[in-house]
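A short worksheet on the structure shown next.
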Amino acid sequence: MKYTIGWATLLLCSAAHAQTPDLQARAWAASCAACHGTDGKSHSAIPSINGQDKQVLLTKLLAYKRDQLPATVMHQHAKGYSDAELDRLATHFSRLPK
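The sequence shown begins at 30 in the numbering used here and counts up one residue at a time.
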């Protein structure tokens, strides 16, 4: 019984950690609000990025970073982040409700 409670606690803590917001990614995402709207919800011709598929977001961010996707300013923004940081940003926006 002692071990069962220990494993159950470990699993609950792991699940809770997986749902913990990435505060650093949230801070980085604040700069995205100028164009993409608060929490990625755009109110203009610029696309909303909230609730989008993580892999789609990451693929686009990496393509902007590598000048493989035409853009006006996104390539400049993306180049300021490592690939791992862009992954965290994509995860952040994918978890936001549409």
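Every residue gets a Cβ at the ideal spot worked out from N, C-alpha and C, and that includes glycine.
Secondary structure of residue 60 (DSSP, three-state): helix. Annotation: residue 57 to residue 107 spans about 11 Å, alpha carbon to alpha carbon. Spanning the alpha carbons of residue 76 and residue 65 requires a straight line of approximately 7 Å. For residue 127, the number of other beta carbons within 10 angstroms of its own is below 16, and it is reported as exposed. If the five residues before and after residue 96 are omitted, its C-beta is found closer than 7 Å to the C-beta atoms of 104, all from its own chain and listed in chain order. With fewer than 16 other Cβ atoms inside 10 Å of its own Cβ, residue 52 counts as exposed. With at least 16 other beta carbons inside 10 angstroms of its own, residue 69 counts as buried.
Straight across, the Cα-Cα distance linking residue 121 with residue 54 is about 6 Å. For residue 125, there is no enclosing alpha helix (DSSP H), as DSSP gives it neither H nor E.
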